[in-house]
Each structure stands twice: as structure tokens, then as C-alpha cells.
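Using my numbering, the first residue of the sequence shown is number 761, and each one after it goes up by one.
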Amino acid sequence: IALSASPAHTASLDFIAAALETEIGVDQLQDAISQPLEKILEQVQLALATSQIKPDVIYLTGGSARSPLLRAALQQTLPDTPIAGGDDFASVTAGLARWAEVMFR
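Structure, rendered in C-alpha cells:
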């Protein structure tokens, strides 16, 4: 999430050892998520092929919704489709609460 707003971030690893930190940049993140991002785009292509319709909008939610890398990949795949979002974390919580209500009635 930190790399959504800046090109680099120093992550504290105090849970491993006191004062342990590591620096990570957007380029490293891009390398790290390249395969999962490819799989996401494969699923998008599969959904498009299966449904045979173009979406009116792409709605992103959760922490990954803040990722400029994910947004750019989706925009490249569906250049004429707007990408929308809302309260990234509250919407996930609301969805989980609704699912819990269904499961535990």
C-alpha cells in the first residue's frame, strides 16, 4: 500500500529483529508481482471471452485497488473501460459482514 503513493518505502521488520528494516522500490514490487498480475489478467481475459460482453466499469476494492501497477495493467487490457473505486477497506469489511450474515443465519 505504501508504494501506491511513493516510489520507495522502508519497511520495518521489527517482528524479526529490533531495528531491522528493508528498502523496497516500485521496480522491485513490479518484479515481485509480475506473475500474479499475469494470472489476474488471464482471468480478466477469460471472463471477457466467456461472457462475450465488455464491462461498463471495473470496480476495484481492497488494498490492491490502490496499486498503480494493477490499475495500469487493467487500463491497458481494457483501455475504454473506466476504473472506479470506493472506500477500499470499508467495502471489503461490508462485504465480509454481509457474507457472514448469509452463512450464520
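Where is the CB? At the ideal position from N, CA and C, for every residue including glycine.
Margin query: Looking only at its chain, what residues have a beta carbon closer than 6 Å to the beta carbon of Leu889, apart from the 5 residues adjacent to it on each side?
Written below: With the chain running from 761 to 865 in the structure shown, residue 889 is simply not present.
Notebook entry, point to check: In this structure, does DSSP put Thr821 in helix, strand or coil?
Noted result: The count along the sequence shown starts at 1 and reaches residue 821 at position 61. If DSSP states are grouped into helix, strand and coil, Thr821 belongs with coil.
Next item on the list: For Leu868, count neighbouring Cβ atoms within 10 angstroms of its own Cβ and tell me buried if that reaches 16, exposed if not.
Entry: No statement about residue 868 is possible, as the shown extent of the chain runs from 761 to 865 and does not include it.
Margin query: Along the chain, where does the beta strand (DSSP E) containing Thr782 start, and where does it finish?
Written below: As a first step, residue 782 is located in the sequence shown; it is residue number 22 there, counting from the start. Segment Glu781 to Gly785, the beta strand (DSSP E) holding Thr782.
Next item on the list: Compare the C-alpha of Tyr819 against each of Ser811, Glu802 and Ser851 and name the closest.
Entry: Within the sequence shown, numbered from 1, the residue matching residue 819 stands at position 59. Cα-wise, what sits closest to Tyr819 is Ser851.
Checklist line | Close beta carbons around Leu789, own chain, < 8 Å, minus the five adjacent residues each side | finding: Within the sequence shown, numbered from 1, the residue matching residue 789 stands at position 29. Hits under 8 Å: Leu763 and Leu829.
Next item on the list: With DSSP as the reference, please indicate the residues paired to Ala771 in a beta bridge.
Entry: Looking up residue 771 in the sequence shown gives position 11. Ala771 pairs with Thr782.
Notebook entry, point to check: Closest by CA to Ile761, which one among Ser827, Lys799, Pro796 and Thr810?
Noted result: For the purposes of this step, residue 761 is taken as the residue at position 1 of the sequence shown. With distances taken between Cα atoms, Ile761 lies closest to Ser827.
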